[in-house]
Amino acid sequence: MGLELDGAVDSKELMNAIWGAILKLYGEYGASLAGISLIECDAAKKLAVLRTSNASINMVRTALASMTKIGDKSAAVHVLTVSGTIKALRKKSKL
Amino acid sequence: MRRTYADLHLCTNFKDYQKVSRIMGKASKLGYRLIGITFPPNSSNEEIQKIRSICAEAKIDLVSRVDLKPRRSKELIYDLRRLRRKFEIIGVSCESKDVARQAAKDRRVDLLNFSTFDFRRRFFDRAEAELASNSLASLEVDMKFLLTLEGVARIRLLSALRRETAIAREFHVPIIISSGVSEDMLMRKPRELAALASLFGLDEVVAVETVSANPLKIVKRNREKLGPKFVAPGIRVIREGKDC
Chain A
1 MGLELDGAVD SKELMNAIWG AILKLYGEYG ASLAGISLIE CDAAKKLAVL
51 RTSNASINMV RTALASMTKI GDKSAAVHVL TVSGTIKALR KKSKL
Chain B
96 MRRTYADLHL CTNFKDYQKV SRIMGKASKL GYRLIGITFP PNSSNEEIQK
146 IRSICAEAKI DLVSRVDLKP RRSKELIYDL RRLRRKFEII GVSCESKDVA
196 RQAAKDRRVD LLNFSTFDFR RRFFDRAEAE LASNSLASLE VDMKFLLTLE
246 GVARIRLLSA LRRETAIARE FHVPIIISSG VSEDMLMRKP RELAALASLF
296 GLDEVVAVET VSANPLKIVK RNREKLGPKF VAPGIRVIRE GKDC
């Protein structure tokens, strides 16, 4: 994911914002299906790697698109690439 | 072949050239190739050309657009007569049922837009869709409000959009998804707009068409009509001169 915001990215705030967006749109049941976890967050490059189940990828993509804030800062999150394995992801995105 | 993505509704202040340049740079980075900017009805051709050249620098094809907000259908007809040949896209914000019906049946109208906040003034019902399906109007959905609204307001908006898009699909009225934003932080990639459309029941394939093929079709049709060779639908000048 590419993160667009003024200031530094805090991984805890980022995860709270992602959970918040999923909860708002799909509720606790939907959030429980997503199975998300943050693999990596590069504050300098403003890039992050998020893991989710294949079945709920569209749900997570929608929730990420609906995010307008991380913490109290205006933000946008863009999905840069999707991959089945982290190895392939690094190859694709040249991380 | 790579898909061309379009956003027909950016509401930037077109006199702030720096902001326009920044927004176009970002649009290009997000993957758009065609952007519609709303101009006031009295804007000059020079102003539009200036913005067009800024867009060309960012490899963006600019589509000039005007949004009409008439109070009566006669006002709409007058505005259409005056502005149709000046702008490539005409959107009508339907504030009354009278205007909504006239806009839906008038072949000079490209996009129908409805109030986000007053749900009694969303007139896109089956009768409206039937009129629109016989003309060339498309239903436009601005995604800005899905990003900015929260709670009950967003729930009600999603419910209205779900109903309207289902009617539009039933009557084969094209759906156009636009951003409708004025700030660059609210701009989203075309695929992300399509993902947001799943919230009101559009499947992925249809949603992607609403940000690519559907807007491109309108622009292509209108550019052909505004071109010097167009005479009437299906008739165009092929050759001119004494030997014809």
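These protein sequence lines map, in sequence, to chains A and B.
Take 1 as the starting number for the first sequence in our numbering and just add one per residue.
Take 96 as the starting number for the second sequence in our numbering and just add one per residue.
Note that CB positions come from ideal geometry on N, CA and C, so glycine has one too.
- request: Apply the 10 Å Cβ neighbour rule to PHE325(B) and answer buried if 16 or more other Cβ atoms are within range, or exposed otherwise.
  value: exposed
query: Using a Cβ cut-off of 8 Å, which residues of the segment 274-298 of chain B contact any Cβ in chain A, in chain order?
result: MET280, LEU281, MET282, ARG283, LYS284, ARG286, GLU287, LEU288, ALA290, LEU291, SER293, LEU294
Chain-ordered chain B contacts of GLU4(A) [CB-CB under 8 Å]: Neighbours of GLU4(A) on chain B, chain order: MET280.
- prompt: Ordered along the chain, which non-local residues of its own chain (more than five positions away) have a Cβ less than 7 Å from that of ALA199(B)?
  reply: LEU207, GLU223, LEU226, ALA227, SER230, ALA232
message: Below 8 Å, how does it come out for the segment 116-128 of chain B and the segment 326-339 of chain B: are there three or more Cβ pairs, yes or no?
response: no
query: Just checking, does the segment 296-304 of chain B make contact with the segment 245-261 of chain B on the three C-beta pairs under 8 Å criterion?
result: Cβ pair count under 8 Å is three or more, so yes.
message: Below 9 Å on C-beta distance, what does LEU14(A) contact in chain B?
response: Near LEU14(A) there are no residues of chain B at all, since even the closest Cβ is about 16 Å away, more than 9 Å.
field: Near-chain A residues of the segment 240-263 of chain B - C-beta to any C-beta below 8 Å
entry: LEU241, LEU242, THR243, GLU245
- prompt: Are the CB atoms of ILE155(B) and MET119(B) nearer to each other than 8 Å?
  reply: yes
field: Whole-angstrom distance between PHE212(B) and ALA248(B), CA atom to CA atom
entry: 8 Å
task: Please name the residue or residues paired with ALA48(A) in a DSSP beta bridge.
output: Answer is CYS41(A).
- request: Report the residues of the segment 40-62 of chain A with a CB closer than 7 Å to any CB of chain B, ordered along the chain.
  value: ASN58, ARG61, THR62
message: Measuring straight from C-alpha to C-alpha, what distance separates CYS150(B) and PHE266(B)?
response: Cα to Cα, the separation comes out at about 35 Å.
- prompt: Is ARG216(B) near PHE209(B), with beta carbons less than 8 Å apart?
  reply: yes
task: Using beta-carbon positions only, say whether CYS41(A) and VAL9(A) come within less than 8 Å of one another.
output: yes
- request: Return the residue from the list ALA75(A), ALA31(A), ILE57(A) that minimises the CA-CA distance to GLY7(A).
  value: Nearest C-alpha to GLY7(A): ALA75(A).
query: Taking 8 Å as the CB-CB limit, is LEU25(A) close to chain B?
result: Chain B, which has a Cβ nearer than 8 Å to the Cβ of LEU25(A), makes this yes.
message: What residue range does the beta strand (DSSP E) around GLY131(B) cover?
response: 127-133 is the extent of the beta strand (DSSP E) around GLY131(B).
- prompt: In chain order, which continuous runs of the alpha helix (DSSP H) of length 4 or greater are located wholly inside the segment 146-214 of chain B?
  reply: 168-178, 192-200
message: I need the straight-line Cα distance from LEU106(A) to ALA292(B), nearest angstrom please.
response: Any question about residue 106(A) goes unanswered here, given that chain A covers just 1 to 95.
- prompt: Hey, is ALA31(A)'s beta-carbon within less than 8 Å of any beta-carbon in chain B?
  reply: no
query: What are the start and end residues of each continuous beta strand (DSSP E) run of 3 or more residues lying completely inside the segment 248-316 of chain B, in chain order?
result: Runs of the beta strand (DSSP E) inside the segment 248-316 of chain B: 270-273.
query: Looking at C-alpha atoms only, which residue of ARG98(B), LEU242(B), GLY246(B) is the closest neighbour of ARG283(B)?
result: Ranking the options by Cα distance to ARG283(B), first place goes to LEU242(B).
SER273(B) beta carbon less than 8 Å from that of ASP102(B): yes
- request: Say whether chain B places a C-beta atom closer than 8 Å to the C-beta of THR68(A).
  value: yes
message: By the DSSP assignment, the alpha helix (DSSP H) with GLY27(A) in it spans what residues?
response: 11-34
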